[in-house]
């Protein structure tokens, strides 16, 4: 739901973690779906992010989209990420009066149409934090949001512990009226979890640790209802505050880390 104009509400909670003191759980980098054709992946095995696949989106979104369309508080930089032991780590910090973080996208470099899009990640926790794994239509610069469509595979907000949000935004239903599902997992803040979307010509289904949490299959497939017949690109980011993340931020939790083991795109079945 890292998109313009999202407005949702929720309760406040705080959970603490100690960045830099985590154990990176080994995956062996074995495919989670060995029977599926792997179209593309990033296992984050190198020393630096592969900029042939990824872009950095920087700053506060101004002048065109100040606060990234959601009244978010963070400034995005290149410096708030690193690769360690096959993991991408996005660190959010409080630096003086500012919050800094990182946002990366595959826009104009990698885009996908149909298939399974999956990540394995460990979430940051704390009031005001808002990590996301999502997709936007490649035609966003031509038609704008929400006509381009948006697929939110994972969103978590620190003010709503134990919950994962999955949402689709279209011209017909977007912002606080988007096609959304809230799923509750008591242990979602503990360790790594897999988050995925299965995308076909007629429906999109969302999974957490291979558990189906939501399927969107509309009654009609007009452009306003179903913009999901074109390529979409991938985004990872860690936001602070905002209309969805919550305007009350607990500064005592910083720094926090969003740890991403991999991102994989499998062919449609």
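Numbering (mature numbering (1 follows the signal peptide of the UniProt record, and there is no 0)), first residue to last: -26 to -1, 1 to 243.
C-beta: ideal position from N, C-alpha, C; glycine also.
For residue j and residue i, the rounded distance between their alpha carbons
| i | j | result |
| --- | --- | --- |
| residue 109 | residue 71 | 30 Å |
| residue 240 | residue 218 | 30 Å |
| residue 34 | residue 73 | 10 Å |
| residue 115 | residue 235 | 30 Å |
| residue 52 | residue 111 | 24 Å |
| residue 153 | residue 224 | 29 Å |
| residue 32 | residue 6 | 32 Å |
| residue 24 | residue 79 | 11 Å |
| residue 93 | residue 198 | 28 Å |
| residue 133 | residue 54 | 23 Å |
| residue 19 | residue 233 | 13 Å |
| residue 155 | residue 57 | 32 Å |
| residue 146 | residue 118 | 14 Å |
| residue 182 | residue 37 | 36 Å |
| residue 139 | residue 187 | 10 Å |
| residue 242 | residue 86 | 11 Å |
| residue -6 | residue 205 | Note that residue -6 scores 44 on pLDDT, short of 50, meaning its location in the model is unreliable and no value can be drawn from it. |
| residue 88 | residue 21 | 30 Å |
| residue 229 | residue 151 | 33 Å |
| residue 149 | residue 141 | 10 Å |
| residue 201 | residue 82 | 18 Å |
| residue 193 | residue 60 | 42 Å |
| residue 105 | residue 195 | 30 Å |
| residue 107 | residue 203 | 20 Å |
| residue 227 | residue 103 | 9 Å |
| residue 2 | residue 113 | Per-residue confidence for residue 2 stands at a pLDDT of 49, beneath the threshold of 50, marking its modelled position as unreliable; no derived number is given. |
| residue 185 | residue 238 | 18 Å |
| residue 179 | residue 135 | 23 Å |
| residue 17 | residue 171 | 18 Å |
For residue i: DSSP bridge partner residues
| i | result |
| --- | --- |
| residue 180 | 171, 188 |
| residue 236 | 94 |
| residue 217 | Residue 217 pairs with nothing; no bridge assigned. |
| residue 207 | 110 |
| residue 15 | 238 |
| residue 195 | None, per the DSSP bridge assignment. |
| residue 33 | 50 |
| residue 231 | 65 |
| residue 55 | 64 |
| residue 153 | 142 |
| residue 10 | Looking at the DSSP assignment, residue 10 forms no beta bridge with any residue, so it has no partner. |
| residue 212 | 105 |
Residue i beta carbon near the ligand NAP (any heavy atom closer than 6 Å)
| i | result |
| --- | --- |
| residue 56 | With respect to small molecules bound, the structure shown includes none, and the ligand NAP cannot be examined in it. |
Whole-Å CB distance - residue i paired with residue j, under 8 Å assumed
| i | j | result |
| --- | --- | --- |
| residue 214 | residue 15 | The Cβ separation is near 29 Å, so there is no contact. |
| residue 143 | residue 129 | Not confirmed; about 12 Å, so no contact. |
| residue 127 | residue 190 | Not confirmed; about 12 Å, so no contact. |
| residue 84 | residue 208 | 7 Å |
| residue 47 | residue 216 | 7 Å |
| residue 211 | residue 101 | Going by Cβ atoms, the distance from residue 211 to residue 101 rounds to 18 Å, so no, they are not a contact pair. |
| residue 231 | residue 13 | Their Cβ separation, rounded to whole angstroms, is 28 Å, which puts residue 231 and residue 13 out of contact at 8 Å. |
| residue 158 | residue 137 | 5 Å |
| residue 77 | residue 50 | 5 Å |
For this session: Write down every uninterrupted run of the alpha helix (DSSP H) in the stretch 61 to 133 whose length is 4 residues or greater and which is fully enclosed by it, in chain order.
Result: DSSP runs (the alpha helix (DSSP H)) wholly in the stretch 61 to 133: 114 to 117.
For this session: Could you tell me whether the stretch 59 to 71 touches the stretch 32 to 47, where touching means 3 or more Cβ pairs closer than 8 Å?
Result: Contact between the stretch 59 to 71 and the stretch 32 to 47 is absent: fewer than 3 CB-CB pairs across the two stretches fall below 8 Å.
Exercise. Is the stretch 19 to 37 touching the stretch 169 to 185, taking contact as three or more C-beta pairs under 8 Å?
Worked result: With the rule of 3 Cβ pairs closer than 8 Å, the stretch 19 to 37 does not count as touching the stretch 169 to 185.
Problem set entry | Contact the stretch 146 to 165 vs the stretch 91 to 103: 3+ CB pairs below 8 Å | By the Cβ test, the stretch 146 to 165 is in contact with the stretch 91 to 103, since at least three Cβ pairs between them sit closer than 8 Å.
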